[in-house]
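What follows is a set of notes on a single structure, which appears directly below.
Residue numbers (this note's numbering): -1 to 104.
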């Protein structure tokens, strides 16, 4: 049963794409930022800086684009050049599962 689940995660188009995205640098950070409604670069930068953590503008934007492509985030235009991101229902589900995972490890 476990082997079949793992094979499915590794081969299913959607699940393997989400797995690959989560493996990337700062992907989980960005999901948590969305969960906390910090999907605008200015807010995300401030939040991370308050925790003495770093997240570059380029990395933030790249991850948000990937998360949007996977249906975990949605972009909303502020003006023709700027946008911010909000978490989707699927993104919220992933965020909750990640929070549960880390809680189980404490």
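Glycine residues also receive a C-beta, built at the ideal position from the N, C-alpha and C atoms.
Can you tell which of the options has the C-alpha that lies nearest to the C-alpha of residue i?
i          : options           : result
residue 56 : 1, 75, 87, 28     : 28
residue 36 : 4, 63, 18, 85     : 85
residue 25 : 104, 101, 92, 102 : 92
residue 70 : 7, 8, 20, 10      : 20
residue 16 : 48, 45, 34, 63    : 63
residue 77 : 94, 67, 38        : 38
residue 33 : 22, 45, 104       : 45
Roughly how many whole angstroms lie between the Cα atoms of residue i and residue j?
i           : j          : result
residue 30  : residue 89 : 10 Å
residue 52  : residue 97 : 21 Å
residue 54  : residue 3  : 35 Å
residue 40  : residue 58 : 11 Å
residue 102 : residue 94 : 12 Å
residue 74  : residue 60 : 16 Å
residue 14  : residue 6  : 8 Å
residue 100 : residue 80 : 33 Å
residue 1   : residue 87 : 28 Å
residue 47  : residue 11 : 35 Å
DSSP on residue i, reduced to helix/strand/coil?
i          : result
residue 54 : coil
residue 26 : helix
residue 76 : coil
Which whole-angstrom value describes the C-beta separation of residue i and residue j, a residue pair presumed to lie in contact below a C-beta threshold of 8 Å?
i          : j          : result
residue 82 : residue 66 : In fact, because the Cβ distance is near 11 Å, the residues do not count as touching under 8 Å.
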